[in-house]
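Notes for the one structure printed next.
Chains as they are written, first to last, in our numbering: chain R, 2 to 308; chain G, 2 to 308; chain S, 2 to 308; chain P, 2 to 308; chain E, 2 to 308; chain A, 2 to 308.
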């Protein structure tokens, strides 16, 4: 991973601007109201992974949030690919990109109706280099998963499946788990005490050879989550979408998170106790290997190369 | 209300910039994570109202959100007053300002730890002209208060008293009530079905001469709310902080909201039914009059003059 | 649909009386306590549909409500068929009947024990002409499904599967959705925010070709619901009984209700947003067609003929 | 108490009919939907007690239920008093009346909109002789209060303060407590496990000389409840509206119910354990005595005379 | 069943002591804090049944409770079998043993940290003669299952799958059901009103030939429960792990409990109503017969022989 | 604090035995079921503090748990004082005693009815020397209060006011907070996210000069809690029993726990953030001083002398 000397561009509501100039008004509804939906896609070997599915989910979020992005899904795909094409020259062959869409309602109006904006939606698309240094050591050692006291926002308040940027509760939950271990990764519970999700990912366990994950009634329907379920199917691993409690994680043989940047992140400790034998599990490694094969990138190797 | 020809300035992390240039990076944690705390204060006759209390609450929000603004409360007060002093020349004698503080954690870091930022906090302070046109008609006629299906975020997920900008659930709740009446104002319930708050304000009723409002265990501890309770005390109106359900609002004699911009906003309809006799109530008017007297501004008159 | 000149009869606790004379004491427990269980069956081409299943469910409701109807299930079936036979002559060939059973505990006793009555149960069976004019336009255009703020009664208070006449909460929920659209049909959520049921029916969605409906842990185990699941099985449509939230309905490809009178009622709008492409969906139409075939009646045609 | 040989009349939507003829259509929304609001007032020495307050509450219920009774409150009062006047001649000097108002939405319409009726509201007013034989023994011995497994309906489903006739859950709760003791009186808990109400009354305890009762956020705002609080105030007994759990009832010194017919009903056993010393408590007797004095009727004596 | 004249031994933290001498300090954390995990295994024809699975679950409980027993699972198995071998001579051929493990954290420390003990864990293993007289009559007649008002402890407070000795809430729930019937067996609901578990067992119903039991998200993952599911699989009985409410039990064809001592205990009454036809059901008898065959002991016969 | 060379006695169901011999059967219901109620009283200058109130509460717990201790409250008081008198000679003048009552139902019966025991209740009374070394440093520095993910048991499962020994959930909660700081003291939330209690004490805050503590609807009605409220009243400090959330603790000026051994334990850190200025607060010190004066013992001094 070496820094490129060419600055990347950002797509900002129809124009391309260099990253350092990519700014929005402090009156934007993203800033004033957290009123912004989002998607994060990554590339593998410079090719976007399941970009169509991410864009489809983005449009579901836009629909429920009633934000008109001013672009059709096809146009969104096209501008995304154009931007990526341009920016790819700024990174090394071995590195990859994070393709992030943030779409806010536009300039906010102070007044009785926050559901209309003074301007068209603000469409922000950027490509960050996929910097995995923060997670890289976890592939081999596993991370420490910790449960915060704060609970995930219930769907009757704001459905986690609207992938959005009103995420302060995730950040505060992370603060809580960092009190236990500065590298801890959170496992949020829902208000009934069931395992919900990670700040940006889903949670899986392996128990007696069965792969289990919460159903999406209390967490994001992650694209990486779906990929793991597909890979497991191909590998003949039995899968269950079910309700999990901390007891299941304490007594699991394996535990891992899924999210766009790291794909699969093993956890070998849960609230201070070893998960299984305290090492990254066989099924976790098997699914990660299948994923690496699927995309033609050694996911773990790429991350570790950044260290 | 006439537009001034001089552009106002914004305080942006230590420098003053014209409003039209007040922009922040799309990588700011305000945009990327909704990780931003806020306060809104208003002036009356160009003097800030309870600015000290607003700044004290801002620092409580900052503390719980663990954001270091880089300024002491005294410094924050000073820069706020300086900015206001400069901007006051841009508005007419009869108009007033909204003083808004937004403080994010700074440039977000993509990675496992959202609780640290790449930069110092982003401190945004701006003065919007207090445009009350959206609410002005409600002073005389009362607004239509409507209950959305979505519920306020419970404190175990994110306490409403951390005044923050992760507010998508408020916007979606507003969308729901706008389906009933395009000028409707929301009354959010908490997840147990108790009246919680408005998207940016508190809810009060008058029943048999007693002023009642939810306790702050499920809503923002509004500064305007506190002002109403103080004024009621002086006016010898009995007050109760209690638990309210929609039944209480349906059968109340009077209903109003409180918030910084409009101070007191009467509601004369609740979910399609008249509140009391369907007119703005006597106690509501009495408290609003006392407030006008307190601040030396005819609050209703100022708003109506903008129509 | 032409009105018949012969008045229909009603079965009233053992005797047949003309509809206009079918009256019960104001002291009946149906009136005094809402203490009445019920079933609604319809005919297709003058033949009752799944009457045995409706009567079996009626006896489950009677059992849990501890009401002794004074008739065995076989006797209930016989008197129901006798009544129907008599009444059929009052309607046109193209019309059908709604067979409604209402059974209350009998004359209520004012005093400490509402669980005994002063008389035998009041057994009311009537045949209303199946007037579908209120729903007829929805077959082609779809209705507008709207979520009220009020929630379904939880099973720990009163299980929805006891099909009963203590239904004020449904009526008030309907009032709420009529504020949005005077023809809106309600989608009640349970107290956890999961989709529960309609005032008299069940809710289904189609997403990516999969038919989904809430499990009966929070809604009525509808006979029409069961019919749809059976037809879908025959049509090789994958079905899931699962937990649904409003997000699922917003993002579904198709949405419909099931209930005895209309069988399947498409919804093409949900809380103001189009469902799928805003038109009645292919799978919805396919299942309705299969139902029409099953019963030998063009269900949609019959309804539209009444307009 | 001797039966009168003159039949009483019932007010039925504008006409007076003898009780035995007081019947409503089986298609009335009271029967078909439990869509009926109600009030029960009693007389003391043939004078109605707080009839104005009962009628005021009736109109609050009507408002929230959106039923138009077709009479103003003043007219309702007048017809109620007229009816009472006529019927009083049918009872002995020592007996009293129960004045019951039941008002349904009118003839129900089968179709998509239960919020409108085919006819004007059905107004039923009747005067039952206040038969206290079922409760009479409890004045001296106290009753057995028992907690059922079923829970009160939460306000977010149907607010208990809308005094209505959709009461099957109360009847089923009574069935449950009758399993413990055939004369048991229920104490319903709300869904959080807090004491809510009795099937038709409120619950009070005395602990260390303080009179406590649940606030009306989870129970009916009973007129008898209010009377007890007023009498206690006059008797210098400290009162608290608070949250109670079964522990409070188990460890209370005194326990009683309040309701229109019996006013105050002591409970000397709670779930099989004696309350206090197992006898009717001093404060309970004191308040009941004050009530008897207030209304000029020996409440306990009148009831016991009926045995 | 005849009492043996030789006293059995107990394994007490490494030493064998006669039962009558098997005592622990009143300062043990089992006594002071209920801080003790447990397993109960039984023998059939003097052979322990699924002892390996019970010990595996014991170590899961120990792990989550963070108690170090000072023995490996293999050592625990060995000392358990040794003890059993010795004690078997004290009972008749036709009788069997209950093998109970209780492991507390050790001598409790009064002070700020209950998570450490002053001593090594207290390991108690005893063999009680399997006295089934209390249950024996239920095999033929079925027991009376009753729902208490108290609810099972939610997993977010203490997960039922940690098999532990902090069981006062079960005892109090039993008290409540004994008010209904002195031989009643409890069916606890969880805090949402779903069927959870019995004081020491799991709950099953048979409805239309399908065997249903709650998933383990709100109850103990019983070893007997697992045995029933295995036997049902072999017998080609369809099984569902699902969410059940009291309605399901009221309307089931068969109802039974499972627990280590009695294996399968039919219930023929639920809250006073007959289950199915009021007799022990065919599927219940079939599974019990299969179990008897599996273990070579006539389970019902053995129990009845003790009467 | 010097160890005495005379061993203390324990009262064990009617007999006095030396502490080292104070043992109970492993078949006792305290061990087998956690079926044991308890009280902890302390002495100040060798005099028991509020022993009468503790014994009264013990009998409330016994009543609700339906355990018959076999002694009247007066007898319990007498044997307690006798025991204390004997044991007092074993400690130094400057030290004090912890008087602990543990009363179990007696020898447990394995079988369907845990509510009866094979023997009379097991009454255990012991006097531990009040060893405050674990807490002593907190008087001057304050402790670190931390919120675990596990929640207090709701009253509908087991009311915290039944002071009992089924306390595994407290121990597991302590484990969780020890992950943050090995000396952390827990602040449990209830299942709604409101502050409940500490593992053995109550929680108080001071905000703007007002002393606040949760009402006893979700926590133990502590005797120390009551003492603080009495002392505050005498000191003219305004008190509120209210609902508190973590936000209140984060933003409080002072925070402390109350419990029998330490009386008042200041907390100067909450979840890693300083409380107020990070030092023990003035009002906390004032109340502690008043308590010391009340009992004639320098509470803090006594504890610190043990270090």
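For glycine and all other residues, C-beta sits at the position ideal for the given N, C-alpha and C.
- Task: Kindly list the residues whose CB is nearer than 8 Å to the CB of residue 7 of chain E, restricted to its own chain and excluding five residues on each side of it in sequence; keep chain order.
- Result: 90, 91
Residues from the region 151-174 of chain A in contact with chain E, defined by Cβ distance under 8 Å: 151, 152, 153, 154, 155, 157, 158, 159, 163, 165, 166, 167, 168, 169, 170, 171, 172, 173
Strictly below 9 Å CB to CB, what residues from chain A border residue 77 of chain E? By Cβ distance, chain A contributes nothing, its closest Cβ being about 17 Å from residue 77 of chain E, past 9 Å.
field: Neighbouring residues, chain G, relative to residue 274 of chain A (Cβ below 9 Å)
entry: 64, 65, 67
Can you pull the chain S neighbours of residue 61 of chain R, defined as C-beta to C-beta under 7 Å?
252
Could you spell out where the alpha helix (DSSP H) holding residue 146 of chain G opens and where it closes?
Unbroken run through residue 146 of chain G is the beta strand (DSSP E), 144-147; no alpha helix (DSSP H).
Next item on the list: Check each residue of the region 210-221 of chain A: if its Cβ is closer than 8 Å to any Cβ of chain P, include it; give the result in chain order.
Entry: 216, 218
Requested in this report: Identify every residue that forms a DSSP beta bridge with residue 231 of chain A.
Outcome: Bridge partners of residue 231 of chain A: none, in fact.
Helix, strand or coil: how does DSSP classify residue 19 of chain A here? strand
* Three-state class that DSSP yields for residue 155 of chain S in the structure shown -> coil
Requested in this report: Taking the CB atoms as reference points, tell me whether residue 243 of chain S and residue 213 of chain S lie closer together than 8 Å.
Outcome: yes
Excluding five sequence neighbours on each side, which residues of the same chain lie with their C-beta closer than 7 Å to the C-beta of residue 276 of chain P? 253, 255, 256, 268, 269, 270
- Quick one: is residue 46 of chain E buried, meaning 16 or more other Cβ sit within 10 Å of its Cβ, or exposed? exposed
Q: At 8 Å on the CB atoms, spell out the chain G contacts of residue 149 of chain S, in chain order.
A: 150
Could you tell me whether the Cβ atoms of residue 123 of chain A and residue 36 of chain A are closer together than 8 Å? no
Would residue 264 of chain S pass as an interface residue toward chain P - the criterion being a Cβ-Cβ separation below 8 Å?
no
Cβ-based neighbour list, residue 300 of chain A, same chain, cut-off 7 Å, excluding 5 preceding and 5 following
264, 289, 292, 293
| field | Continuous beta strand (DSSP E) stretch holding residue 7 of chain G: start and end | value | Premise fails: residue 7 of chain G is in no beta strand (DSSP E) and is neither H nor E.
| query | Near residue 3 of chain A, what residues of its chain come up, given a Cβ to Cβ distance below 8 Å and the 5 sequence neighbours on each side ignored? | reply | Confidence at residue 3 of chain A is low in this model, with a pLDDT of 44, below 50, so the placement of that residue should be treated as unreliable; the coordinate-derived value is given next. Excluding sequence neighbours, residue 3 of chain A sits near 93.
Practice prompt. Using three-state DSSP, classify residue 296 of chain A as helix, strand or coil.
Written response: helix
Subject >> Chain-ordered neighbours of residue 244 of chain G on chain P, where CB pairs are closer than 8 Å >> reply: 216, 218
*Spatial distance of residue 50 of chain E from residue 199 of chain E (CA atoms)*: 21 Å
Minimum C-alpha distance to residue 165 of chain R - residue among R/146, R/222, R/180:
R/222
(request) Please name the residue, chosen from A/279, A/233, A/69, A/184, that lies closest to residue 138 of chain A on a Cα-to-Cα basis. (result) A/184
Notebook entry, point to check: With burial defined as no fewer than 16 other Cβ atoms inside 10 Å of the residue's Cβ, what is the status of residue 40 of chain A: buried or exposed?
Noted result: buried
- prompt: Sorted by chain position, which residues of the same chain lie with C-beta nearer than 7 Å to residue 1 of chain P's C-beta, five sequence neighbours on each side aside?
  reply: Since the displayed chain P opens at 2 and closes at 308, residue 1 of chain P lies outside it and no answer follows.
request  = Could you pull out every residue in the same chain whose Cβ sits closer than 6 Å to the Cβ of residue 74 of chain E, ignoring the five residues on either side in sequence?
outcome  = 56, 60
_Using the Cβ count rule (16 or more neighbours within 10 Å means buried), how would you classify residue 34 of chain R?_
buried
Out of curiosity, what's the CA-to-CA distance linking residue 120 of chain E and residue 127 of chain A?
19 Å
Give a yes or no on whether the minimum CB-CB distance between residue 177 of chain G and chain S is below 8 Å.
yes
| task | Would you kindly check if the distance between the Cβ of residue 84 of chain R and the Cβ of residue 10 of chain R is under 8 Å? | result | yes
Subject >> 7 Å CB neighbourhood of residue 5 of chain E in its chain, flanking five on each side removed >> reply: Low local confidence applies: a pLDDT of 48 at residue 5 of chain E is under 50, so the model's placement there is unreliable, with the coordinate-based value given in what follows. Closer than 7 Å at Cβ, skipping near neighbours: 91, 92.
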